[in-house]
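Protein chains in written order, with numbering that gives the first Met the number 0: chain A, 0 to 358; chain B, 0 to 406.
Cβ coordinates follow ideal geometry from the N, Cα and C atoms, glycine included.
Source: prediction; values computed, not measured.
Below is one structure, written out as structure tokens; the observations come after it.
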Amino acid sequence: MLSYILRRILLLFPTLIGITMVVFFVMALSPGRVTDSLQASEANMRPEERQRIEAYLKKRYGLGDPLVVQYGRWLNRVSPVGFKEAGEGFPRSTTIGFKTPDLGESFIRRRPVLDIILEALPVTLLLNLITIPIVYVVSITSGIWAARKRGQAFDVTSGVVLLALYSMPEIWIGVMVLGFFASRDYLQWFPTSGTHDVLAAQMAFLPVFVDGVFHRGWLLDAVWHLILPIIVMTYGSFAFMSKLMRSSVLENLTADYARTARAKGLTEHVVLFRHVLSNSVLPLITVAASILPGLLGGAVIVESIFGLNGMGKLMLEAIKTKDQELILSQTFVVGIIGLGSLIVADICYAIADPRVSYE
Amino acid sequence: MSDLAVGQALPTGAPPVPDRPLVARSWLAGVVLRTVGQISARVGLVWIGTIAFCAVFAPLLASSYPILLRVDNKWSSPLAAHLTAVDWTLLAAVPVVGVLLLLKSLSFARRFGIFLSITLALLTILLLTLDPKRTNVYDQFRALDTTGRVQSIWRTPIPYSPSDRLRDQFDAARPHPWAPSRDHWMGTEINGGDILSNMIHGCRIAMSVGFISTGIALVIGIFVGAMMGYFAGVVDLVGMRLVEIFSAIPRIYLLLAFVAFYDRNIYIIMAIIGVTGWVGDARFVRAEFLKLRNLDFVHAAIAAGLPLRSVLFRHILPNALAPLLVSASFGVAGAILAESTLSFLGLGLIDEPSWGRLLDQARAGGGGFHWWLATFPGIAIFLTVLAYNLIGESLRDALDPKLSGGQ
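Written out as structure tokens, the structure reads:
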């Protein structure tokens with residue numbers, strides 16, 4: 000198994016390079032080419048500013064070099080391992096070592112891209128970290144119930160309802176939920192945007208009563224702001240996972256070992272929760288890899304609807320202001336996170352299921 | 000493909016029963032028939048049929064131009080003068096499909112080929128010859144109607160074009176969007192266009208983006224998947240890295256990055272939705288090809304000296320088609336969702352009626368909400384996606400040997 004894990008990690012590198020190639024060549028082969036499109040957005044600015052940007056672009060991408068050379072240059076800059084000094088022309092310095100990846104600079108925001116992304120990433124990760132456990136708990140529960148009541152009312156209705164939920168576009172549910180529960184025209188139960196109240200910094204962490212007046216505190220304030228976004232992010236993932244869980248439980252309930260357990264005289268309850276359950280969860284581990292990129296994508300919609308300052312909203316703003324360095328780096332960072340989750344899921348599966356053989 | 004056509008009667012050994020002749024169907028045809036037999040698939044097909052009807056007859060259903068008009072004893076058809084080449088081709092395609100459905104002696108593939116060549120030829124000719132009126136003065140016929148010179152007028156059921164912004168009905172006291180009323184059954188959008196009309200014309204984009212981008216995704220997916228599955232080894236290793244790249248980056252980030260760097264028109268949107276959506280198809284095809292590549296009929300085909308192209312796509316592929324149908328069905332749903340999401344985020348087509356763009360307008364400034372702009376387009380997207388998902392599920396059930404009752 001160790002050799003499998005090693006092989007899996009070694010195969011990570013070509014994929015990683017592939018991701019950088021996709022990201023770079025999407026930009027490089029676009030009608031404006033790398034530098035044209037970067038410069039086009041800066042058409043009206045002071046001459047000295049313009050000169051600074053041109054010098055920056057020349058250093059970073061090497062204006063006029065062949066595309067492959069430009070790509071190599073860019074790759075050296077964004078990777079944490081590489082030539083330490085990338086001078087004019089192709090880097091001639093031979094000092095290879097670890098360095099901080101240089102994701103470039105956003106001219107619109109006048110800040111390093113890395114800083115901007117590190118600010119937005121926690122919001123998106125928080126959304127996902129809350130969403131994933133909810134999705135797992137709900138779908139495992141409903142999957143088990145559907146399998147136990149196979150062919151009965153609960154099984155059939157939950158199947159139909161979950162497929163319908165799965166088909167409801169997030170853009171629609173997001174707008175409807177926001178409109179009916181947070182707009183001034185209808186129920187104003189929840190805030191319309193943000194992760195915190197403006198005054199959240201001054202709140203106590205937990206809810207308190209001061210002079211008989213209720214103060215909701217920082218934690219409750221965050222929950223209050225996040226309820227609607229989390230609902231919109233979770234509901235769509237139930238169907239797929241719960242269906243998988245249902246068929247997996249059904250398969251295991253008829254397996255030989257389950258029959259042996261029953262023959263020993265164990266109750267159906269013990270058979271299900273002691274023996275079948277742990278085996279049935281296995282397929283859900285592999286699926287984790289495929290739902291994480293999906294959830295990161297869903298965060299784009301949720302963040303734009305509910306005004307949360309995460310990666311998704313940042314990406315949309317970057318596109319609207321034509322902040323190309325930011326767009327590239329974000330696609331790159333999200334790709335790395337997706338790839339990381341793919342690998343982690345594979346390794347978890349290898350550890351959880353010792354039966355699987357890897358040549 | 001020809002041997003996979005639906006409903007070919009073959010001579011069988013058993014004596015034929017007069018009422019229901021024994022018909023030997025291909026396995027794929029059986030799967031399709033079993034799918035259509037399920038209620039959920041029928042519901043899905045009915046809805047998609049409605050959408051297709053709206054897409055083809057959109058200009059006849061909702062337009063500001065009267066179909067027929069008699070003024071000063073002269074008959075004219077303002078609508079016909081404004082129809083584009085695409086409109087005419089779609090309308091002409093309907094009788095062509097009707098005739099071809101009656102020609103049962105031809106195989107399905109041949110009929111499809113004839114249909115495709117006729118429509119493409121027609122479209123090219125019309126695009127070159129037809130020059131529809133470009134200037135749109137939508138309110139001229141409403142104005143004409145009030146003068147009393149009109150002797151007879153035959154309007155479309157919804158007398159508003161999607162981009163007709165009702166300039167003649169401007170009312171400062173009642174700014175757009177208007178809530179649903181008797182004149183505008185689904186209300187108006189923020190620029191004053193009729194929503195029902197926009198919804199009907201939006202069917203075209205949904206249908207065309209759904210089918211064409213899924214087609215692109217299928218072509219890429221089949222090619223990459225076939226290569227990986229057939230050659231295995233190093234090709235498979237490299238191909239799987241490609242698949243991994245495209246499944247690691249969330250689809251919407253890829254779409255957004257493409258949209259940010261390339262021009263926006265319908266063909267580019269279709270292409271990028273297709274290019275980002277082939278991973279699932281490739282996985283399916285790869286799995287099937289890995290299973291089939293060592294079977295006897297493949298060895299026989301290779302031994303017969305057939306070229307690789309023939310072995311791959313003529314002999315192996317037809318046996319791997321059925322699971323692809325499931326994947327394609329979910330693919331169409333995904334493509335429609337992707338298009339409306341892009342439009343919703345303000346990155347889709349400009350000035351084209353699209354369900355996603357209407358949905359985007361539901362959020363008014365200052366925390367307000369126009370329920371009709373969220374409800375109707377949202378339900379349309381939901382039902383269309385649901386319809387394709389239902390068909391995909393039914394196909395999957397029909398393919399599952401455990402459920403098909405030993406057929």
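Three-state class that DSSP yields for Pro111 of chain A in the structure shown | Within the first sequence, residue 111 of chain A is the residue found at index 112, counting from 1. If DSSP states are grouped into helix, strand and coil, Pro111 of chain A belongs with the strands.
Quick one, which residues of the region 216 to 250 of chain B are near chain A if we go by CB-CB under 9 Å, in chain order?
-> Leu236, Val237, Met239, Arg240, Leu241, Glu243, Ile244, Phe245, Ser246, Ala247, Ile248, Pro249, Arg250
Closest to Ser162 of chain B by CA distance: which of B:Asp170, B:Tyr137, B:Arg181 is it?
-> If you number the second sequence from 1, residue 162 of chain B lands on position 163. Among B:Asp170, B:Tyr137, B:Arg181, the Cα nearest to that of Ser162 of chain B belongs to B:Tyr137.
Trp188 of chain A vs Ala373 of chain B beta-carbon contact at 9 Å | Locating residue 188 of chain A in the first sequence gives position 189, where the first residue counts as 1. Locating residue 373 of chain B in the second sequence gives position 374, where the first residue counts as 1. No, Cβ-Cβ distance for Trp188 of chain A and Ala373 of chain B is not below 9 Å.
For Lys242 of chain A, does the count of other Cβ atoms within 10 angstroms reach 16, so buried, or fall short, so exposed?
-> The residue labelled residue 242 of chain A in the question sits at position 243 within the first sequence. Classification for Lys242 of chain A: buried.
Got a sec: which bits of the region 163 to 176 of chain A sit with their beta carbon under 9 Å from any beta carbon on chain B, in order along the chain?
-> Those residues of the region 163 to 176 of chain A that come within reach of chain B (Cβ to Cβ, closer than 9 Å) are Ala163, Tyr165, Ser166, Met167, Pro168, Glu169, Ile170, Trp171, Ile172, Val174, Met175.
Using 8 Å as the threshold, is the region 91 to 98 of chain B in touch with the region 113 to 124 of chain B, meaning 3 or more CB pairs across them?
-> yes
For Leu120 of chain A versus Val332 of chain A, is the C-beta spacing smaller than 9 Å?
-> Start at 1 with the first residue of the first sequence, and residue 120 of chain A comes out as number 121. Start at 1 with the first residue of the first sequence, and residue 332 of chain A comes out as number 333. Yes. Within cutoff.
As assigned by DSSP and simplified to three states, the class of Ala26 of chain B | Counted from its first residue, the second sequence places residue 26 of chain B at position 27. Here the sequence assigns Trp to residue 26 of chain B, which means Ala is not the residue at that position. Three-state DSSP puts Trp26 of chain B in a helix.
Which partner residues does Thr187 of chain B have in the DSSP bridge list?
-> As a working note, residue 187 of chain B is residue 188 in the second sequence. B:Asp193, per the DSSP bridge assignment.
Under the DSSP definition of a beta bridge, which residues are partnered with Lys73 of chain B?
-> Within the second sequence, numbered from 1, the residue matching residue 73 of chain B stands at position 74. Partner(s): B:Val70.
Kindly say whether Gly88 of chain A, judged by its beta-carbon, lies nearer than 9 Å to any beta-carbon of chain B.
-> Against the first sequence, residue 88 of chain A aligns to sequence position 89. Low per-residue confidence applies at Gly88 of chain A: pLDDT is 45, beneath 50, and the placement is therefore not dependable enough to give any value.
Which runs of the beta strand (DSSP E) fall wholly inside the region 223 to 276 of chain A and span at least 3 residues, in chain order?
-> Along the length of the region 223 to 276 of chain A, whole beta strand (DSSP E) runs at least 3 residues long do not occur.
Asp184 of chain A touches chain B at which residues, Cβ-Cβ below 9 Å?
-> Position 185 of the first sequence, counted from the first residue, corresponds to residue 184 of chain A. Residues of chain B passing the Cβ test: Ala363, Gly366, Gly367, Phe368, His369, Trp370.
Check whether the region 277 to 296 of chain B touches the region 240 to 255 of chain B, taking contact to mean three or more Cβ pairs, one atom from each stretch, closer than 8 Å.
-> yes
For Thr14 of chain A, decide whether its Cβ has a neighbour in chain B, counting only Cβ atoms nearer than 9 Å.
-> Along the first sequence, read from residue 1 onward, the residue named residue 14 of chain A stands at position 15. Chain B contact via Cβ: present.
Rounded C-alpha distance that separates Gly86 of chain A from Tyr234 of chain A | In the first sequence, the residue the question calls residue 86 of chain A occupies position 87. In the first sequence, the residue the question calls residue 234 of chain A occupies position 235. Confidence at Gly86 of chain A is low in this model, with a pLDDT of 49, below 50, so the placement of that residue should be treated as unreliable; the coordinate-derived value is given next. Spanning the two alpha carbons is a distance of roughly 51 Å.
Apart from the five residues on each side of it in sequence, which residues of its chain come closer than 8 Å, Cβ to Cβ, to Ala142 of chain B?
-> Taking the second sequence and counting its residues from 1, one reaches residue 142 of chain B at position 143. Contacts found: Asp167.
Roughly how many angstroms lie between the CA atoms of Met0 of chain A and Tyr252 of chain B, to the nearest whole one?
-> Taking the first sequence and counting its residues from 1, one reaches residue 0 of chain A at position 1. Taking the second sequence and counting its residues from 1, one reaches residue 252 of chain B at position 253. Approximately 34 Å, taken between the alpha carbons.
Roughly how many angstroms separate the alpha carbons of Gly273 of chain B and Glu338 of chain B, rounded to a whole number?
-> Taking the second sequence and counting its residues from 1, one reaches residue 273 of chain B at position 274. Taking the second sequence and counting its residues from 1, one reaches residue 338 of chain B at position 339. Cα to Cα, the separation comes out at about 11 Å.
Comparing the C-beta of Pro376 of chain B with each C-beta of chain A, is any distance below 9 Å?
-> Counted from its first residue, the second sequence places residue 376 of chain B at position 377. Taking Cβ atoms only, chain A reaches closer than 9 Å to Pro376 of chain B, which makes this a yes.
Phe360 of chain A at chain B interface by Cβ criterion, 9 Å = Coverage of chain A is limited to positions 0 through 358, which leaves residue 360 of chain A absent and any answer about it impossible.
Between the CA atoms of Val207 of chain A and Glu118 of chain A - distance to the nearest angstrom | Here the question's residue 118 of chain A lines up with position 119 in the first sequence. Here the question's residue 207 of chain A lines up with position 208 in the first sequence. One C-alpha to the other measures close to 30 Å.
Where does Arg308 of chain B sit, in a helix, a strand or coil, going by DSSP?
-> As a working mapping, residue 308 of chain B is identified with position 309 in the second sequence. Annotated three-state conformation of Arg308 of chain B is helix, per DSSP.
Return the Cβ separation of Pro352 of chain B and His200 of chain B in integer angstroms, given the expectation that the two are a contact with Cβ distance under 8 Å.
-> As a first step, residue 352 of chain B is located in the second sequence; it is residue number 353 there, counting from the start. As a first step, residue 200 of chain B is located in the second sequence; it is residue number 201 there, counting from the start. About 4 Å; that satisfies the 8 Å criterion.
Exposure of Asp71 of chain B, with buried meaning 16 or more beta-carbon neighbours within 10 Å = By one-based count along the second sequence, residue 71 of chain B stands at place 72. Classification of Asp71 of chain B: exposed, given that the 10 Å Cβ count is below 16.
Among A:Leu315, A:Leu341, A:Gly158, which has the Cα closest to the Cα of Gln329 of chain A?
-> Within the first sequence, the letter at position 330 stands for residue 329 of chain A. Nearest of A:Leu315, A:Leu341, A:Gly158 to Gln329 of chain A, Cα basis: A:Leu315.
Select from the region 36 to 68 of chain B all residues with a C-beta closer than 8 Å to any C-beta belonging to chain A, and list them in chain order.
-> none
Any chain B beta carbon closer than 9 Å to Ala317 of chain A = The sequence position of residue 317 of chain A within the first sequence is 318, counting from 1. Ala317 of chain A counts as touching chain B.
Return the residue from the list A:Val209, A:Tyr165, A:Pro282 that minimises the CA-CA distance to Thr383 of chain B.
-> Against the second sequence, residue 383 of chain B aligns to sequence position 384. When only C-alpha atoms are compared, the closest one is A:Tyr165.
Closest to Leu276 of chain A by CA distance: which of A:Gly293, A:Ile300, A:Asn251, A:Val299 is it?
-> In the first sequence, the residue the question calls residue 276 of chain A occupies position 277. The shortest Cα separation from Leu276 of chain A among A:Gly293, A:Ile300, A:Asn251, A:Val299 belongs to A:Asn251.
Trp153 of chain B - containing alpha helix (DSSP H), residue span | Within the second sequence, the letter at position 154 stands for residue 153 of chain B. Unbroken run through Trp153 of chain B is the beta strand (DSSP E), 149 to 153; no alpha helix (DSSP H).
Where His314 of chain B sits in the DSSP three-state scheme = Along the second sequence, read from residue 1 onward, the residue named residue 314 of chain B stands at position 315. Here His314 of chain B sits in helix by DSSP.
Which residues in chain A sit within 8 Å of Tyr137 of chain B, going by Cβ to Cβ distance?
-> The count along the second sequence starts at 1 and reaches residue 137 of chain B at position 138. Correct list: empty, because the minimum Cβ distance to chain A is about 29 Å.
Nearest candidate by alpha-carbon position, reference His384 of chain A, set A:Ala54, A:Thr266, A:Trp223 = Look at the range of chain A in this structure, 0 to 358, and you will see that residue 384 of chain A is not part of it.
Helix or strand or just coil, what does DSSP make of Ala409 of chain B?
-> There is simply no residue 409 of chain B to check, as chain B begins at 0 and stops at 406 in what is shown.
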